[in-house]
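Number of protein chains: 2
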Amino acid sequence: MTTAKRKRMPRAERERQMIEVAEQVFSARGYAAASMDEIAELVGVSKPMLYEYFDSKEGLLVACIRQSRTELRDVTAQATVGAATAEEALRRGMLAFFVFIRERRQAWSLLRHEMALIGTPAAEEIEQIRRQQTDLIAAMVSAYLADDDHLRAEATAQIVVGSNERLAIWCEQHEEVTPEMATEYAMDVLWRGLDPRQG
Amino acid sequence: MTTAKRKRMPRAERERQMIEVAEQVFSARGYAAASMDEIAELVGVSKPMLYEYFDSKEGLLVACIRQSRTELRDVTAQATVGAATAEEALRRGMLAFFVFIRERRQAWSLLRHEMALIGTPAAEEIEQIRRQQTDLIAAMVSAYLADDDHLRAEATAQIVVGSNERLAIWCEQHEEVTPEMATEYAMDVLWRGLDPRQG
DNA sequence: AGTCCATCTTACTCGGAGTAGGTTACTGAC
DNA sequence: GTCAGTAACCTACTCCGAGTAAGATGGACT
Numbered sequence: 001m002t003t004a005k006r007k008r009m010p011r012a013e014r015e016r017q018m019i020e021v022a023e024q025v026f027s028a029r030g031y032a033a034a035s036m037d038e039i040a041e042l043v044g045v046s047k048p049m050l051y052e053y054f055d056s057k058e059g060l061l062v063a064c065i066r067q068s069r070t071e072l073r074d075v076t077a078q079a080t081v082g083a084a085t086a087e088e089a090l091r092r093g094m095l096a097f098f099v100f101i102r103e104r105r106q107a108w109s110l111l112r113h114e115m116a117l118i119g120t121p122a123a124e125e126i127e128q129i130r131r132q133q134t135d136l137i138a139a140m141v142s143a144y145l146a147d148d149d150h151l152r153a154e155a156t157a158q159i160v161v162g163s164n165e166r167l168a169i170w171c172e173q174h175e176e177v178t179p180e181m182a183t184e185y186a187m188d189v190l191w192r193g194l195d196p197r198q199g
Numbered sequence: 001m002t003t004a005k006r007k008r009m010p011r012a013e014r015e016r017q018m019i020e021v022a023e024q025v026f027s028a029r030g031y032a033a034a035s036m037d038e039i040a041e042l043v044g045v046s047k048p049m050l051y052e053y054f055d056s057k058e059g060l061l062v063a064c065i066r067q068s069r070t071e072l073r074d075v076t077a078q079a080t081v082g083a084a085t086a087e088e089a090l091r092r093g094m095l096a097f098f099v100f101i102r103e104r105r106q107a108w109s110l111l112r113h114e115m116a117l118i119g120t121p122a123a124e125e126i127e128q129i130r131r132q133q134t135d136l137i138a139a140m141v142s143a144y145l146a147d148d149d150h151l152r153a154e155a156t157a158q159i160v161v162g163s164n165e166r167l168a169i170w171c172e173q174h175e176e177v178t179p180e181m182a183t184e185y186a187m188d189v190l191w192r193g194l195d196p197r198q199g
C-alpha cells in the first residue's frame, strides 16, 4: 500500500514500521489479545522477523512503550520551558499531559499497558523508562522549591505522576471533563493542598 | 496435609481454598507466568474444577483481587474512625495503607496485578471493585471538606488513591522508607500542597 | 561472475487455556 | 437397606499462539 514492493527494506525502517503497526494492534486489542501472527501479517512480513528484531512479544511492547513515553516526556518538558514560577511550570506541564492523553489516545492506551508487564522480566526496564518522567519532575521540584532532600523530591515526583495517571484513567470515563478541568482539579490539590484553612 | 483426606469438600470451602492458593501462585510467579495446572495441582484438585467455579483464569484473578481489595478498604476505613479532623482521618488512612502494603506483601502484589487486566473483558469489573476505595474517600472529602461538587470530590479521591499507589510502588525499591515517612511525604503534598509560601 | 551477509521464509515444537463427557461419593426418601 | 438425584470430581482431549530451526533469496561490493 504505502510502498510499492513490500520487500527488503533496511532494518531501521522495518523496525519503525513494525512498532507503528504493533502500537495500533496492542492498543486496539489489548496486549494479551494481540497476536504476533496478526502483527506480522499487517506489517507484511513473517513472524520470525519480529523475533529477530525485538526478541519477544514483551520486547515489542517495551519498544512501543519506550517511544510513546519519550514523546510524552518531550511534550511535557517542552510545555514547561519559559514558565516564570513553579506554579506555572506545574500547571503547564499537567495541562500538556491531559491534552496529550486526549489527543493521542493510541499512545496513551499503550502507556496504560505498561502495567501489564508487572512481574515479568521487563518490569525493571519499564520502571527505568518511567524514570524519564519522574526524574524530570524531581529535578524541577528540587530546583524551583529549593528542596535539597533528594528522597522527598523523588517521592513528590511519584505523587505528581501517580495523581495524573489515575486522573487520566478517570477522565476516560467522564467525557465531560476537559483537560483544563482536570488540570484545575489536580492543581487545587497538589499546589494548594486539601487543607481548607488557606484562602 | 491440612485435612486428612483431600476429597469432596463443599463448594464454598473449596472456593476459599482455591483463592488462597491462587493468591500465592499469582503473586509469586506473576499473572502471565502462573499456570492453571499448577494451581489445580497445589489445591489437590483437577483443572476443570477451577473453571467450574471461576470460569476462566481472569475470573480467578478477579476473585483474588476482590478479596484483597475488600481487606484493604476495611483496614483503611477502620483506621479513620474516631479521627477528629479531616487531616487526622487522611493521615491515619494513609498510614494504614502503607502499613498494609508492607505487612501484607502478597495481597498488595496481587492488587498491583489488577493492571494486567487492562483491555480485557474484566477491566470494567476491576474498575468497579476499585470504586470501593475511591467512593469511600470521595464521601469523606465531601463530608469533611463540605464540598458539594461531586465531580471534584471524585477527582480528589482519584488523586489520593493514585498518589498512594505510585508511592507504594516506589517504596518497594526504597526499603529505607518507612510507612511513617511515606505518610509524611504524602501528607506534605496532599494536605499542605506544594506551594512553598504557606508555613 | 561470484561471494558474503542481511533480510526474509516455510514449517515446525511446545506449553498452557479451556472443554466434552463420563465417574464417584454423599444426601435424602421410602 | 437401596435406590434416585445431584454436587463434586476426573481423564483425556482440542486448539491457539509464542517462540524456533534451518534454509532460501536478493542485493552490494569486489
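For the protein sequence lines, the chains are A and B, in the order given.
Note that the UniProt record's numbering has the first sequence beginning at 1, numbered continuously upward.
Note that the UniProt record's numbering has the second sequence beginning at 1, numbered continuously upward.
Glycine is no exception: its CB is placed at the ideal position from the N, C-alpha and C atoms.
Predicted model only: the values in this text are computed from it and were never measured.
Supposed close pair residue i, residue j - CB separation, criterion 8 Å
| i | j | result |
| --- | --- | --- |
| Cys64/A | Phe26/A | 6 Å |
| His113/A | Ile118/B | 6 Å |
| Ile153/A | Ala138/A | Inspection of the sequence shows that residue 153/A is occupied by Ala rather than by Ile. Correct: roughly 5 Å between the Cβ atoms. |
| Tyr185/B | Ala155/A | 4 Å |
| Leu60/A | Ala22/A | 5 Å |
| Ala83/B | Arg92/B | 6 Å |
| Gln67/B | Ile19/B | 6 Å |
| Leu151/B | Leu190/A | In fact, because the Cβ distance is near 17 Å, the residues do not count as touching under 8 Å. |
| Leu90/B | Met187/B | 7 Å |
| Gln24/B | Val43/B | About 11 Å; that fails the 8 Å criterion. |
| Met115/A | Ala116/B | 7 Å |
| Gln133/B | Val161/B | 6 Å |
| Lys47/B | Asp55/B | Wrong, their Cβ atoms sit about 13 Å apart, outside the cutoff. |
| Val141/B | Asp148/B | Going by Cβ atoms, the distance from Val141/B to Asp148/B rounds to 11 Å, so no, they are not a contact pair. |
Buried versus exposed call for residue i [16 or more other C-beta atoms within 10 Å across all chains shown]
| i | result |
| --- | --- |
| Pro121/B | exposed |
| Ser163/B | buried |
| Ala4/B | Confidence at Ala4/B is low in this model, with a pLDDT of 42, below 50, so the placement of that residue is unreliable and no value is reported for it. |
| Lys7/B | exposed |
| Pro179/B | buried |
| Val81/B | exposed |
| residue 210/B | One cannot answer for residue 210/B here, as it falls past the ends of chain B, which runs 1 to 199. |
| Ala157/B | buried |
| Ala40/A | buried |
| Thr76/B | buried |
| Arg166/B | buried |
| Glu58/B | buried |
| Ala28/B | exposed |
| Ser109/A | buried |
| Thr86/B | The amino acid at residue 86/B is misidentified as Thr; the sequence shows Ala. Buried, because 16 or more other Cβ atoms sit within 10 Å of the Cβ of Ala86/B. |
| Ala34/A | buried |
| Ala12/B | exposed |
Chain B within 7 Å of residue i, Cβ atoms only
| i | result |
| --- | --- |
| Tyr185/A | yes |
| Ile137/A | no |
| Val62/A | no |
| Leu190/A | yes |
| Val99/A | no |
| Thr178/A | no |
Neighbouring residues, chain B, relative to residue i (Cβ below 8 Å)
| i | result |
| --- | --- |
| Val161/A | Arg166 |
| Gly30/A | Ile118, Gly119, Thr120 |
Contact set between residue i and chain B, taken where Cβ atoms lie within less than 9 Å
| i | result |
| --- | --- |
| Glu87/A | Leu194, Asp195 |
Cβ of residue i within 7 Å of any chain A Cβ
| i | result |
| --- | --- |
| Thr156/B | yes |
| Leu95/B | no |
| Val25/B | no |
| Ala4/B | Its pLDDT being 42, under 50, Ala4/B is placed unreliably in this model, and the value from its coordinates should be taken loosely. No, its Cβ sits nowhere closer than 7 Å to a Cβ of chain A. |
Contacts that residue i makes with chain A (C-beta to C-beta distance below 8 Å)
| i | result |
| --- | --- |
| Leu145/B | Leu194, Pro196 |
Interface residues of chain A facing residue i [CB-CB closer than 9 Å]
| i | result |
| --- | --- |
| Arg16/B | Those do not exist, as Arg16/B stays about 24 Å from chain A at its closest Cβ, beyond 9 Å. |
7 Å Cβ cut-off: residues of chain A touching residue i
| i | result |
| --- | --- |
| Val152/B | Rather than Val, the amino acid found at residue 152/B in this sequence is Arg. Here the neighbours are Tyr185. |
message: Please identify, using Cβ separations under 9 Å, the residues of the stretch 101-131 of chain A that lie next to chain B, in order along the chain.
response: Ser109, Arg112, His113, Glu114, Met115, Ala116, Leu117, Ile118, Gly119, Thr120, Ala123, Glu127
field: Chain-ordered residues of the UniProt DNA-binding region "H-T-H motif" (35-54) of chain A with a beta carbon less than 8 Å from chain B
entry: none
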